[in-house]
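Peer 1: Let me begin by handing over the structure; questions about it come next.
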Amino acid sequence: MLYREAGQYKTGYTADMAVFPIAQDRAGIAIILAAVVLLPIVANDFMLQAVMIPFLVFALAAIGLNLLTGYTGLLSLGTGGFMGVGAYACYKLTTFFPEVNIVIWILVSGLFAAGVGVIFGLPSLRIKGFYLMVATLASQFFLQWCFNRVQWLYNYNASGAIEVPERYLFGWALTGARATPTVRYYVVLTIVVALTWIASNLVHGRIGRSWMAVRDMDIAAELMGIRLLPTKLLAFAVSSFYCGVAGALMVFLWYATGAEYNVFDINQSFYILSMIIIGGLGSVLGAFFGAALIYILPIALGFAVPALLAPFGLHIGADTLEHVRLIIIGALIIFFLIVEPHGLARLWQIGKHKLRMWPFPY
Amino acid sequence: MREETAKGKCVTAAVAAGFDTFPRLLARNAATLGDRPAMRHKDYGIWQTWTWKEVNENARALAIELHGLGLKRGDTIAIIGANRPRLYWTMMAAQMLGAVSVPVYADAVADEMAYVLAHAEIGIAVVQDQEQVDKLLGESERLPLIRHILYDEPRGLKDYDHSRLHPLDAFIARGISRLADRAQRALLDAEIAAGKGSETSVMLYTSGTTGRSKGVMLTAERCIAAATDSVALDKLTDRDEVLAYLPMAWVGDHYMNYAQGLVSGFCMSCPESAETVQSDLREIGPSFYFAPPRVFESLLTRVMIRMEDASALKRAMFHYFIGIARKYGEKLLNGEPVPLGGRLLYAIGNLLVYGPLKNVLGFSRIRVGYTAGEAIGPELFSFYRSLGINLKQLYGQTEAFLYITVQVDGDVRADTVGPLAPHVEVRFSETGEVLFKSPGMFTGYFKDEERTHEVLAADGFIKTGDAGFIDPVSGHLKIIDRAKDVGRLTGGALFPPKYIENKLKFFPNIKEAVAFGDGRDYATCFINIDLSAVGNWAERNGISYGSYQELAGHPRVYEIIAGHVAEVNRSLAQEPRMGGAQIRRFLILHKELDADDGELTRTQKVRRGFVAGRYAVLIDALYSGATEQDVTTEVTFEDGRKGTISARVRIAEAKTFPWRDEPARQDEAA
Amino acid sequence: MDVLYKVLVDPFLQMGGAPDLFVQTLWEGFVVGTLYALIALGFVLIFKASGVFNFAQGIMVVFAALTLVGLYEKGVPAYAALLLAIGAMFLIALGTERLVLRPLVNQPDIILFMATFGLTYVLIGLGELIFGGSPKVMIADQLLLPKGDITFQAFGGIVQLQKIDIAAAVIASLMIAALAVFFQKTRIGRALRAVADSHKAALSVGISLNQIWVIVWFTAGVVALVTGIMWGARSEVSFALQIIALKALPVLILGGFTSIPGAIVGGLIIGLGEKLGEFYWGGLVGGGIESWLAYMIALIFLLFRPQGLFGERIIERI
Amino acid sequence: MTNERERRQSNDIILAVEDVTLSFGGVRAITGVSFDIRKGEIRAIIGPNGAGKTSMLNVINGFYFPEEGRITFRGQTRQRMRPHVAASQGIARTFQNVALFKGMTTLDNIMVGRTLKMHKGLFWQIWRHGPALAEEVEHRKVAEEIIDFLEIQHIRKTPVGRLPYGLQKRVELGRALAMEPDLLLLDEPMAGMNLEEKEDMSRFIVDVNNQYGTTIALIEHDIGVVMDLSDRIVVLEYGRKIADGKPEVVKSDQRVIDAYLGVAH
């Protein structure tokens, strides 16, 4: 309906292969970007601190996991662990070299996660599916154990937790108690947008195709000359990189003060996994949808439900709400698997197609 | 000299100044519009584009090579295939050498094609692909003159004997390198310079509704003069885009796309293939669009069918807003006053329905749209206009190249073909036949003095063979029918078959109709149902059918058609002088009329006489009062095999209406 | 050199040096192993019959135990609570079949797995909503489970066996035996085995697939309840149990997803390996390696035998 | 046409299989089979079901390792090698039951076939501009030529999962062609097709062999097709070679008639 594609013909392959070939889509993206950039003007600190920043962080992690599970078809429950690697690496780096800008370390810490990811990805050559999932559980629990037991990782703090030091960016406090949500929001936004762009570049190119080929039919892929191990390992590396950066962002720019090892426990892995299930496997966009639904929706409910019940004199405690939240997430997962196994991303596609064909049904 | 307009460089003003041949226009465009796109072709997944410079270069390269093959001034060269830039370039190249290009219908069967090629004394044929090459080689003993065949698509021709076959692209490459040499350039430039506007530049074979087709000779200067007028009329500029999807052999394509393109400098896009025209149209979104009524007709049918499958809510919305459009759309388009409420509703409709609909059809950007070739159903016509598409009618023919009358923005009517085109004169014979003089008029039929004289009146006017009159109210020309087809019932009442048929054909369910009645007591007709429309209806109503024949014979289908016929009768009864021509009896033909059986022309017009002869038994039955009739018909299949089908055809009575009988042909005095 | 000694030699010297401790550890491992085996059994039952990788098995254990204790705390007599808990497991089985499995029939395994994953969230939420998130004490006495321990002189030291552990081992073994009988002898059991081979076969036995799924999930639920009770009695009833239950996964990998004996052997290997590893090697790296050792064992094992202990070598065809 | 092909194919051997033996856990699939494929010819492997035809292809492109025997491809002799190596040496294939990448479009499937020819690494891929994009475009051109060749323009951007079987087979052929192989292995390219589709497919096969001079080895059950497509035919039965030669020779071979032609239809 909103689309006006007549006259949008492509005279070259570059234009034809663009990620957003349709002008209306590009416009839409531009509007969204503008909106999120201008958000802090209207949004209060809660909105930024408790909604947007976490949403972006989770979305990034979800993209990471989606590259591995959605695009390459390798089921992983190690997300939390890899995020942790990022966080702890960043902590060690910035405490070793306080003078280097934290943003750089956040990105570099992703590389450490990537390294670890590759090591735990090695088994993926010989084992597939659920077996591989168990293998990734090994990494999850092992890493979790390290974060807890290897005191060196948290500089022997008595608390056994990471204590985020104050760091500055162009004079603004970026981490630590004095960092304002607005500053942190912009940094997170920049990083997430940049990495999203890169992710979409990857999946639209040769590498992305090899990943999907391995996912859809690994035997055929090998006979096409795609070498399975390097391809899978690359997927692990890139995926872990994203998770690692997400982890670092989580501790340094969301929590901003510190975090304990159990932030990165198995439940974190489950949480992210549920995001990509609902958002849609094999879709970068889906990662954002998933993060929004799984993280933001319950918050919204947190406000809506009591407000709705109040008139009837009913009151719900925060913890009750938390339980309800879990039930809702679970129900949503099942619901979406039943109505649309390919998640919100697929629904979005269908809707888009309808808009393009409007007023025709197909 | 050139004027800047909002829409870009308006080059039409420059035409007068000595650009009297197409090669000169091409050279001019290459100079003035050098890097603007001239032609596109959807190939290998994208719209390959050539600028005017490149087109000029390629055409020149071809020209020098054709010269090498011995193509001389006055020679003829055949061009056979779908719309392809390279084929248009050969036209240009031939004209550079003063040769006459003869585009031929690519879908013509080998025999038909052989006739034209032989008659036109073709020495060199430029074809699209293997299919055409095979046709020519197959008929080679009938075509002794053909020395060379050039082809565009090498697919499948690898193992052919290449002594007389040449790939076009290699040709062009060679030509370009050859043109590096000054002497060669000079030679070519000399040829172009030697060209005169008065020379025949193209020969178009009219499929002719009767007899063998004849070669209409057109001279460059006249073509250009005519095109210049219409380009000015519709303010076409190099910013316009057209989709060249109509047969190159048809005057419409040569005028609308080739001539107007070279004059105005707009960009012409060639579709990927016949199957993809719709999607290609959608991609290009032309700003100038021409289609014969049947195209708009089938399009509307498809639209309605597709909407049938939409959700009830959507369907309701669609029909509601189409209603709104019918109410206000045309008024708005003609700039007539419309109440604010109406404007508002229309705006909403535009957002929800018209805009998107035009978008999916590829009509969003149409600035000027034309339809012609036969009368268009008023409803059909206003449907598109009400969507905000500036669709207009024109009346013309090959011999006039092309316009005789053309409607101007703001003064458009469904039932007329508009006022005279610029520089066109018209008079009427005592029988009401239309005669004209036009800037583009032809110089005669190739090697056919006799028939040339038939149509050429002593005073230099040309007979159109159509009966019509100037509508006193609007001052527009009104065409009733082919002059020789307008008949009288024994009762003396007027009987214009086409007129009736067009009314019938507006119903999506009716694809083709042939009316009879001349010299009879009353009017009757054959009907072809539209398989897609009726078939879709049948599915939705759980009616199973194995073939067209079976569906056509189905009682409930007869009911539907009877309803339509009654509708037509009602409207005839209301019109002056037409009431007598109401259909009394009709039948639904057991097979679709088909060009391969000679029942239709290549442009899908009914060969009335032929059909009448072929189905004489049925016509007799229509008047004998029989309720059904057995008939056996010979048919030709796609692959050329012949076979016969026989059927028992039912004949139905139609509801007629009382009409006020008026004295015949009174306003024809005009 | 020193490290190598610590890793390769010292532990074995310790075993030899203090056989009593060694036996003690073995026993520990054996008990834990049987419980792992029990959880794994739940997985296998469901995987065999419905091809579903039931991620929710762990939480089912917790949920079952919670229901039992929760109801008791709400004043329901112990045995009534036990029956009600069983009833609850049946309801879960029924609900799952109706709301999850039936709509998703013929979907790829991964989808079904994800669905059980959603189920897990629901059950956690429900459990916490109804019974609260805080750990509870298993009503061992009320269910007449033995307390205290048996100690005896042996292997040049004292070996101490918790009675509850013995009970656990015994009950677990009984449970497994019972299931074995159920599968071999009863009609339904045979039907279930048929399903594992082919769904058509099952129908020929005259039991609808849906019924079978309910039965299987219910059986798995009961197994979960028993596991929950035993485990609860050994430590406490809390959601942490769900994580421990994940240890059933490496067990499955060793044993294969479809083999009951596999589950048992696998459980024992993991249990023993884990305990020994923790006791003799854990110290070297600061302890607590129990949390991941099981997975590591499975992982390393996988690298050499991807098809599991009892699985057959897969020949890939194209 | 045929004489054309004969002119094109020389007598030099592109692939030689020498007494290859293969078995799965004691079950013999292939026993001491030897034959060769000449450059530029269309070579058919036929035989009743379970004769070891597909296994033979799997051995040739390195998916299975033969216990005994040697395989010489373009002069290099080897007993075992990984499939992706075979691919990189110029062996492509299609599969008995279509093995397309279901989640991807026709175009992407064909582009995957170009993977071996694409070399821009992660660093460039990240930006997807400059070199990486240039490379992408360059190979898109090749892909489009293949699409044009196989006349599948209209499904260019359709996910292959939604295509009818016949078209899927065609796309799979396209994917193999994208590798510009020297040797193309076709495993029952016409299985489950109607007559028209079969005609199209055989036309394409001949055209491929014609246009690109690709050597083709194909397994096919439709004897009619095999007879007029192929230059030479190997007949297998129970993993053994029972005949080898020109169609007319094979057709008249008594053992073949008994073993196959007699019973197959």
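For the protein sequence lines, the chains are L, Z, V and S, in the order given. Going by the working numbering, the letters in the first sequence line up with residues 3 to 364, in that order. Going by the working numbering, the letters in the second sequence line up with residues 330 to 999, in that order. Going by the working numbering, the letters in the third sequence line up with residues 22 to 339, in that order. Going by the working numbering, the letters in the fourth sequence line up with residues 62 to 326, in that order. Glycine included, every Cβ here is placed at the ideal spot set by N, Cα and C.
Counting only runs that start and end within the stretch 351-406 of chain Z, where is the beta strand (DSSP E) found for 3 or more residues in a row?
Peer 2: Listed in chain order, the complete beta strand (DSSP E) runs (minimum 3 residues) inside the stretch 351-406 of chain Z are 366-372 and 375-380.
Peer 1: If I measure Cβ to Cβ from S/N64 and keep anything under 6 Å in the same chain, skipping five residues before and after, which residues do I get?
Peer 2: Looking up residue 64 of chain S in the fourth sequence gives position 3. Summary for S/N64: the model assigns pLDDT 47, below 50, so the residue's position carries little reliability; its value from the coordinates is reported in the next sentence. Taken in chain order, the list of residues that qualify is empty.
Peer 1: Leaving out the 5 sequence neighbours to the left and right, which residues in its chain are closer than 7 Å to L/T1 when beta-carbon positions are compared?
Peer 2: The structure shown does not extend to residue 1 of chain L, since chain L is modelled only from 3 through 364, so no value can be given for it.
Peer 1: By the DSSP assignment, the beta strand (DSSP E) with Z/S430 in it spans what residues?
Peer 2: In the second sequence, residue 430 of chain Z corresponds to position 101, counting from 1. It spans V429 to V433 - the beta strand (DSSP E) in which Z/S430 sits, taken as one unbroken run.
Peer 1: Can you tell me whether DSSP reads Z/R568 as helix, strand or coil?
Peer 2: Sequence index remark: in the second sequence, residue 568 of chain Z carries index 239 (1-based). In the structure shown, Z/R568 sits in coil (DSSP, three-state: anything other than H, G, I, E or B).
Peer 1: Could you please tell me which residues of the stretch 603-617 of chain Z, in chain order, have their CB closer than 8 Å to any CB of chain S?
Peer 2: Cβ contacts with chain S: E604 and T605.
Peer 1: Is the beta carbon of Z/F595 less than 8 Å from the beta carbon of Z/D569?
Peer 2: Here residue 595 of chain Z refers to the residue found at position 266 when the second sequence is read from its first residue. Here residue 569 of chain Z refers to the residue found at position 240 when the second sequence is read from its first residue. Closer than 8 Å, so yes.
Peer 1: For V/G249 and L/I278, I'd like the C-alpha separation in whole angstroms.
Peer 2: Along the third sequence, one-based indexing puts residue 249 of chain V at 228. Along the first sequence, one-based indexing puts residue 278 of chain L at 276. Computed Cα separation, rounded: 31 Å.
Peer 1: Which ranges does the alpha helix (DSSP H) cover as unbroken runs of at least 4 residues, wholly within the stretch 582-637 of chain Z, from first to last along the chain?
Peer 2: DSSP runs (the alpha helix (DSSP H)) wholly in the stretch 582-637 of chain Z: 589-593, 606-613 and 622-637.
Peer 1: Closer than 8 Å, CB to CB, is Z/E460 near chain S or not?
Peer 2: Within the second sequence, residue 460 of chain Z is the residue found at index 131, counting from 1. No - not a single Cβ of chain S is within 8 Å of the one on Z/E460.
Peer 1: Output needed for L/G319: all residues of its chain with C-beta closer than 8 Å, excluding positions within five of it in sequence on either side, in chain order.
Peer 2: Counted from its first residue, the first sequence places residue 319 of chain L at position 317. Here the set comprises nothing.
Peer 1: Beta carbons nearer than 8 Å to chain S: which residues of the stretch 150-165 of chain L have them?
Peer 2: Cβ contacts with chain S come from no residue of the stretch 150-165 of chain L.
Peer 1: Going by alpha carbons, who is nearest to L/I106 out of L/M19, L/G123, L/G117 and L/G88?
Peer 2: Counting from 1 along the first sequence, the entry for residue 106 of chain L is found at position 104. With distances taken between Cα atoms, L/I106 lies closest to L/G88.
Peer 1: Any beta carbon from chain L within less than 8 Å of S/A325's own beta carbon?
Peer 2: Sequence index remark: in the fourth sequence, residue 325 of chain S carries index 264 (1-based). Its pLDDT being 44, under 50, S/A325 is placed unreliably in this model, and the value from its coordinates should be taken loosely. Not one chain L Cβ lies under 8 Å of S/A325.
Peer 1: For V/L42, which residues in chain L fall below 7 Å Cβ to Cβ?
Peer 2: Translated into the one-based positions of the third sequence, residue 42 of chain V becomes position 21. None at all; the shortest Cβ gap to chain L is about 23 Å.
Peer 1: Could one say the Cβ of Z/W376 lies closer than 8 Å to chain L's Cβ atoms, at least one of them?
Peer 2: Within the second sequence, numbered from 1, the residue matching residue 376 of chain Z stands at position 47. Closer than 8 Å: yes.
Peer 1: Do you know offhand how far V/V346's Cα is from V/L165's?
Peer 2: No answer is possible for residue 346 of chain V: it lies beyond the span of chain V, which begins at 22 and ends at 339.
Peer 1: Which whole-angstrom value describes the C-beta separation of Z/I829 and Z/A812, a residue pair presumed to lie in contact below a C-beta threshold of 8 Å?
Peer 2: Counting from one through the second sequence, the residue named residue 829 of chain Z turns up at place 500. Counting from one through the second sequence, the residue named residue 812 of chain Z turns up at place 483. Contact flag wrong, Cβ pair sits at about 16 Å.
Peer 1: Contact criterion: CB-CB distance below 8 Å. Does S/N122 meet it with respect to chain L?
Peer 2: As a position in the fourth sequence, residue 122 of chain S is number 61, starting the count at 1. Yes, its Cβ sits closer than 8 Å to a Cβ of chain L.
Peer 1: Take the Cβ of Z/A945 as the centre, count every other Cβ of all protein chains shown within 10 Å, and call the residue buried at 16 or more, exposed below.
Peer 2: Taking the first residue of the second sequence as position 1, residue 945 of chain Z is located at position 616. Its Cβ having fewer than 16 others within 10 Å, Z/A945 is exposed.
Peer 1: What residues in its chain sit with their C-beta under 8 Å from that of S/G253, if we drop five residues either side in the sequence?
Peer 2: Residue 253 of chain S sits at position 192 when you count from the first residue of the fourth sequence. Around S/G253: Y226.
Peer 1: Beta-carbon separation of S/F156 and L/M214 under 8 Å?
Peer 2: Your numbering for residue 156 of chain S matches position 95 in the fourth sequence. Your numbering for residue 214 of chain L matches position 212 in the first sequence. No, these two residues do not count as a Cβ contact at 8 Å.
Peer 1: Looking at chain V, is there any beta carbon in it that lies within less than 8 Å of the beta carbon of L/I301?
Peer 2: Position 299 of the first sequence, counted from the start, is the residue given in the question as residue 301 of chain L. Closer than 8 Å: no.
Peer 1: Whole alpha helix (DSSP H) runs in the stretch 780-859 of chain Z with 4 or more residues, listed along the chain?
Peer 2: Complete alpha helix (DSSP H) runs here, min 4: 826-834.
Peer 1: Going by the DSSP bridge assignment, what does Z/F915 pair with across the sheet?
Peer 2: Numbered from 1 along the second sequence, position 586 holds the residue referred to as residue 915 of chain Z. Answer by DSSP bridge pairing, in chain order: Z/C854 and Z/A981.
Peer 1: Measuring straight from C-alpha to C-alpha, what distance separates Z/G427 and Z/G524?
Peer 2: Residue numbering aside, residue 427 of chain Z sits at position 98 when the second sequence is read from its first letter. Residue numbering aside, residue 524 of chain Z sits at position 195 when the second sequence is read from its first letter. So the alpha carbons of these two residues sit roughly 6 Å apart.
Peer 1: Given that Z/Y489 touches chain S, what residues does it touch there, using C-beta distances under 8 Å?
Peer 2: What you label residue 489 of chain Z is simply residue 160 of the second sequence in a count that begins at 1. Neighbours of Z/Y489 on chain S: none; closest Cβ ~10 Å, over 8 Å.
Peer 1: For Z/F348, which of Z/G526, Z/A729, Z/R913 and Z/S430 has the nearest alpha-carbon?
Peer 2: Here residue 348 of chain Z refers to the residue found at position 19 of the second sequence. Of the candidates Z/G526, Z/A729, Z/R913 and Z/S430, the one whose C-alpha sits nearest the C-alpha of Z/F348 is Z/G526.
Peer 1: With a 10 Å radius around its C-beta and 16 neighbouring C-beta atoms as the bar for buried, classify Z/W988 as buried or exposed.
Peer 2: Residue mapping note: residue 988 of chain Z aligns to position 659 of the second sequence, counting from 1. Z/W988 comes out buried.
Peer 1: In chain order, what residues of the same chain lie with their CB nearer than 6 Å to the CB of Z/A388, ignoring the 5 residues before and after it?
Peer 2: Residue mapping note: residue 388 of chain Z aligns to position 59 of the second sequence, counting from 1. Closer than 6 Å at Cβ, skipping near neighbours: W418, M421 and A422.
Peer 1: Who pairs with L/Y263 in a beta bridge, going by DSSP?
Peer 2: The count along the first sequence starts at 1 and reaches residue 263 of chain L at position 261. According to DSSP, L/Y263 bridges with nothing at all.
Peer 1: Need the endpoints of the beta strand (DSSP E) that Z/H477 sits in, please.
Peer 2: Mapped onto the second sequence, residue 477 of chain Z falls at position 148. Where Z/H477 is concerned, the enclosing beta strand (DSSP E) stretches over H477 to Y480.
Peer 1: Identify the residues that DSSP records as bridge partners of Z/H495: which are they?
Peer 2: One-based indexing of the second sequence puts residue 495 of chain Z at position 166. The partner list for Z/H495 (beta bridge, DSSP) reads Z/L479.
Peer 1: Any idea if Z/K721 is buried or exposed, counting beta-carbon neighbours within 10 angstroms, 16 or more meaning buried?
Peer 2: Sequence index remark: in the second sequence, residue 721 of chain Z carries index 392 (1-based). With 16 or more other Cβ atoms within 10 Å, it is buried.
Peer 1: From S/I303 to S/K100, what does the alpha carbon distance come to, in whole angstroms?
Peer 2: For the purposes of this step, residue 303 of chain S is identified with residue 242 of the fourth sequence, where counting begins at 1. For the purposes of this step, residue 100 of chain S is identified with residue 39 of the fourth sequence, where counting begins at 1. Going from the Cα of S/I303 to the Cα of S/K100 covers about 23 Å.
Peer 1: Which residues, in order along the stretch 126-144 of chain L, keep a beta-carbon less than 7 Å from a beta-carbon of chain V?
Peer 2: Listed in sequence order: R128, I129, F132, Y133, V136, A137, L139, A140, F143 and F144.
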